[in-house]
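Residue numbers (full-length UniProt numbering): 1 to 327.
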């Protein structure tokens with residue numbers, strides 16, 4: 001269960017931006033719109049916060065619907081989810097959807113539209129998106145040529161990639177552009193390599209989630225970051241991650257990302273890279289005491305049996321391979 005805290009101001013009415021209605025509401029799932037409107041009502045009426053269970057009950061939805069809705073609006077840059085802790089609690093900030101005023105535009109559209117190559121690029125973008133571009137969008141896409149050194153062909157590939165993912169909102173497209181710029185993508189070849197690597201990562205992430213019985217639409221950003229760490233920073237193959245998942249289930253009988261991360265982090269520190277390394281790792285299982293003749297001590301009866309005393313916290317560390325951290 002997650003708790004969502006709102007930046008509040010008391011109001012008797014709930015103002016809904018026309019930009020939200022025209023650009024976001026029409027393409028969103030109905031339950032996501034319900035979550036947004038109820039959250040906006042809570043925010044403007046002075047409600048400090050509400051948990052996902054309460055919202056689900058109020059809207060006759062599942063808790064996963066509530067969480068998925070907030071993730072959706074966060075991805076669409078309609079709200080901003082700000083983690084409070086590692087327990088799935090967030091501050092929710094409703095973003096200003098109003099477009100920048102014309103005087104803030106850095107591109108002279110009238111002048112740029114006289115350039116046939118730019119005009120052709122914008123027309124191709126409109127065909128890909130299936131709608132007319134706003135002046136703000138035109139300025140943004142044209143600005144990438146100078147600001148990011150993107151060619152028209154690269155911009156079209158970026159838009160095509162976003163559309164293939166079902167995203168046509170320019171704020172989301174802009175987020176991809178920033179990511180490509182930060183990754184120093186300058187050519188079609190760079191972009192294709194980046195897309196392949198990114199998609200390969202998500203194919204692996206979906207396999208891990210499927211193994212855990214979790215839908216990819218249900219994961220939160222912190223969980224996605226852990227999955228990325230296991231695959232990219234640790235470079236663990238899937239079978240090693242699956243083994244860590246198995247151990248997690250054996251120990252606590254549920255999928256816990258933090259628990260799995262603890263196992264994999266300690267394996268990484270121990271230099272484990274393959275499933276063979278995991279299988280050959282000495283877990284230091286407790287052994288029976290032997291007498292001087294190198295044979296197991298025997299007891300004549302139960303009363304004479306010397307019961308061993310275990311440090312269960314220490315055993316837990318050994319089973320998970322955490323004992324190597326004590327050096």
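Virtual Cβ for every residue (Gly too), placed ideally from N, Cα, C.
Query, Result
"C-beta atoms of residue 97 and residue 20 nearer than 8 angstroms", "yes"
"Exposed unless 16 or more other CB atoms sit within 10 angstroms - verdict on residue 240", "buried"
"Closest residue to residue 198 among 162, 174 and 168 (Cα-Cα distance)", "162"
"Status (buried if at least 16 other CB within 10 Å, exposed otherwise) for residue 329", "Past the boundaries of the shown model lies residue 329; the chain is included only from 1 to 327, so the question cannot be answered."
"Start and end residues, alpha helix (DSSP H) containing residue 24", "Premise fails: residue 24 is in no alpha helix (DSSP H) and is neither H nor E."
"At least 3 beta-carbon pairs within less than 8 angstroms: the segment 206 to 226 vs the segment 177 to 193", "no"
"Status (buried if at least 16 other CB within 10 Å, exposed otherwise) for residue 13", "exposed"
"Stretch-stretch touch, CB-based, cutoff 8 angstroms, three pairs: the segment 71 to 84 with the segment 56 to 63", "no"
"Assigned secondary structure, residue 236 (DSSP; H/G/I helix, E/B strand, else coil)", "coil"
"Beta-carbon gap between residue 76 and residue 206 smaller than 8 angstroms", "no"
"Where residue 13 sits in the DSSP three-state scheme", "coil"
"Outcome for residue 23 when other beta-carbon atoms lying within 10 angstroms are tallied against a minimum of 16", "buried"
"Reduced DSSP category for residue 33 - H, G, I as helix; E, B as strand; rest coil", "helix"
"Three-way DSSP call (helix, strand, coil) for residue 113 in this model", "coil"
"Buried or exposed (CB count within 10 angstroms, at least 16 for buried), residue 15", "exposed"
"C-alpha gap between residue 145 and residue 191, whole angstroms", "15 angstroms"
"Residue 105 (DSSP reduced to helix, strand or coil)", "Confidence in residue 105 is poor, its pLDDT being 46 and thus under 50, which makes the residue's placement unreliable; the coordinate value appears in the next sentence. Residue 105: coil per DSSP, three-state reduction."
"Cβ pair count under 8 angstroms reaching 3, the segment 115 to 130 against the segment 150 to 168", "yes"
"Three-state secondary structure assigned by DSSP to residue 125", "helix"
"Three-way DSSP call (helix, strand, coil) for residue 67 in this model", "helix"
"Under the three-state DSSP convention, the category residue 209 falls into", "helix"
"Secondary structure of residue 132, DSSP reduced to three states", "coil"
"Assigned secondary structure, residue 160 (DSSP; H/G/I helix, E/B strand, else coil)", "helix"
"Residue 277 - containing alpha helix (DSSP H), residue span", "275 to 280"
"Residue range of the alpha helix (DSSP H) that includes residue 174", "170 to 182"
"Beta-carbon gap between residue 264 and residue 244 smaller than 8 angstroms", "yes"
"Through-space distance from residue 219 to residue 117, alpha-carbon basis", "42 angstroms"
"Backbone CA spacing between residue 137 and residue 119 [nearest angstrom]", "13 angstroms"
"CB contact flag (residue 94, residue 40, <8 angstroms)", "yes"
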